[in-house]
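Colleague: Pasting in a structure now, in structure tokens, and then I'll have a few things to ask.
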Amino acid sequence: MLPRNYDFSKTTLTIEVSKACNVFCENCFLAYENRLRDRRLFKKEWVTKLAQSSVFSQCKDLYVSILGGELSIVDPEYLEDLVSHIKTLWPDCSFSMVSNFFNSKPRFVDLYLKHSDVVETTFDFGRQNLNRDRDVFLASFRHYIEELARRGADLNIDINFVMNRQSLDYGVEAALDYFASFDLPEGGRLLVKFDHGIDFVTFRSQGMPHDKRSGMPLFPLDLSYAEYAAFVSEFRRRRDARGLFKIVVPQIDIADQRPDDRFFFTKGSGRVISLSSDGFVTTNPVFTEIPSTFLGNIASMTLDECLASDRYFRAYSREQRRALECSSCEYFDRCEGGSLFLPKHVGGDTTECAGIKSFFHLQEAEGITKTSPNKIAPTTVGAGG
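Going by our numbering, the residue at position 150 of the sequence shown is 159; the numbering climbs one at a time, nothing skipped.
What follows is the structure, encoded as structure tokens:
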């Protein structure tokens, strides 16, 4: 029994199936050595153990997402068995598989279309194949997104676009040219959800600095909030000028997004439970190699024991305090403070914030409301994290 009154009625469970990957990303949250050589797989019996916890007896709205590393290079027999087991335990859950869609094998694409409720991927313009060729990666990514759009029932492709320095340098116009080149079926949409980029290279080189009390990481951002907002706003302005309305920017084009859908896995403690391929329990998938965030290990503990820990309470409390910093804002009900593991402001600049309030200003200026949505917003947006 959990000793504190946490609300797990709506929960996201993320499972890192493997750390191994087939793409080079300089700023990945997983260390390069682990992506190259760690072949451990998440144990199926750990899913059974998770399902026995009191958390999931409370949960009425469960979203399960499996990710890597890269799923497409995992043994397909193992992957099919794991996914079937998850869906047997939680038949009513929303489910997604997150892939980079580089050089995916036909059997993986078939499995993806069979099981994933939404086409969801992460992306940035810093990604390259292991020979450090970005163009090869970009061509492959486009090819498989087009194939999934042609064969899938969901015409809305969720792309969690990490706004890092490489994407900024790639440029707004080049980014638009790339997404405009996707050949989608009639009615197909690319939902490009821009996410904050974290400088994991610097974070590791500094010894993974963290708040001493809660263990929460003190992440350096790759871009300031102002740089991020300027890129996204200009991307959208030029999209409108070019009439590229198959490209949707949900954070601005859709007025009624849930606060925890605005960024990739925005909320941590109390909303997200993440497990690494070696069994460590954290509150966010990007924490799976940060020891200060570990709540325990599912191999030797129950999930209830992990969440009953003082460390979990301190992490939860820190996020609540961080949210309180934003509670007087007029947009708080729609934002809830943005990504709570990031600071409200950075570098002394108070003109922009973690929740990117300028996006709400744009919506107001254009009259985008729940009763009057943007004309290009899709009628359905797929599963949310």
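Glycine is no exception: its CB is placed at the ideal position from the N, C-alpha and C atoms.
None of the values given here were measured: they were computed from a predicted structure.
1. Thinking just about the alpha-carbon of each residue, which of D342, F368 and K52 is nearest to the one in L88?
2. Counting C-beta neighbours from all protein chains within 10 Å, is the total for K28 16 or more, i.e. buried, or is it exposed?
3. Who are the near neighbours of F369 in its chain, counting only those whose CB is closer than 8 Å to its CB and skipping five residues on each side?
4. Cβ of V32 within 8 Å of Cβ of Q137?
5. To the nearest angstrom, how far is it from the Cα of I365 to the Cα of G347?
6. Look up E166 in the DSSP assignment and give the residues it is bridged to.
7. If V83 and L122 are in contact, beta carbons under 8 Å, what's the gap, nearest whole angstrom?
8. In three-state DSSP terms, what is Q260?
9. Which residues in the same chain have their Cβ closer than 8 Å to the Cβ of V26, if we skip the five residues on either side of it in sequence?
10. Quick check: the Cα distance between G196 and M217, rounded to an integer number of angstroms?
11. Answer yes or no: do L185 and L232 have a C-beta to C-beta separation smaller than 8 Å?
12. How long is the line joining the alpha carbons of Q67 and S103, rounded to whole angstroms?
13. Of the choices H152, D126 and S105, whose alpha-carbon is the least far from that of S113?
14. Can you list, in chain order, the residues of its chain with a C-beta nearer than 6 Å to that of E375? Leave out the 5 residues immediately preceding and following it.
15. So what does N138 bridge to, in DSSP terms?
16. With a threshold of 16 other CB atoms inside 10 Å of the CB of S223, please say whether the residue is buried or exposed.
17. For S348, name the three-state secondary structure that DSSP assigns.
18. Since I24 is in the beta strand (DSSP E), which residue starts that stretch and which ends it?
19. Please report the straight-line C-alpha distance between T280 and L371, rounded to a whole angstrom.
20. Rounded to a whole number of angstroms, what is the C-alpha to C-alpha distance between G357 and H219?
21. Based on the DSSP secondary-structure assignment, which residues constitute the bridge partners of S103?
22. Taking 6 Å as the limit between beta carbons, can you name the residues of its chain near D204, skipping five residues before and five after?
23. Check whether the Cβ atoms of D192 and E156 sit closer than 8 Å, and answer yes or no.
24. With C-beta atoms as the reference, is V290 less than 8 Å away from N306?
Modeller: On the basis of the coordinates in this document:
1. Minimum Cα-Cα distance from L88 among the listed residues D342, F368 and K52 corresponds to K52.
2. Classification for K28: buried.
3. Counting only Cβ-Cβ distances below 8 Å, and skipping sequence neighbours, we find Y340, R343 and C344.
4. Yes.
5. Rounded to whole angstroms, the separation of the alpha carbons of G347 and I365 is 8 Å.
6. A small fix is needed here, since residue 166 is Ile in this sequence, not Glu. I166 is bridged by DSSP to V128 and L199.
7. Rounded to whole angstroms, the Cβ separation of V83 and L122 is 17 Å, and the two are not in contact under 8 Å.
8. In the three-state DSSP reduction, Q260 falls in the helix class (H, G or I).
9. Taken in chain order, the residues that qualify are L50, F51, I75, L76, G77, G78, L80, V83, L88, L91 and S286.
10. Between G196 and M217, the C-alpha separation is close to 44 Å.
11. It is not a contact, given that the beta carbons lie outside the stated cut-off.
12. Approximately 16 Å, taken between the alpha carbons.
13. Residue H152 is the option with its Cα nearest to S113.
14. Apart from the 5 residues on each side of it in sequence, E375 has no Cβ closer than 6 Å to any other Cβ in its chain.
15. Checking the DSSP bridge columns, you'll see N138 partnered with V32.
16. Label assigned to S223: buried.
17. Coil.
18. Following the DSSP letters along the chain, one finds I24 inside the beta strand (DSSP E) bounded by residues K19 to E25.
19. Here the sequence assigns Arg to residue 280, which means Thr is not the residue at that position. One C-alpha to the other measures close to 28 Å.
20. The straight-line gap separating the alpha-carbon atoms of G357 and H219 is approximately 20 Å.
21. Y72.
22. For D204, where only same-chain residues beyond five positions count, the Cβ hits under 6 Å are N169, V171, F272 and F273.
23. Not a contact, by the Cβ cut-off of 8 Å.
24. Contact check for V290 against N306 passes: the beta carbons are separated by less than 8 Å.
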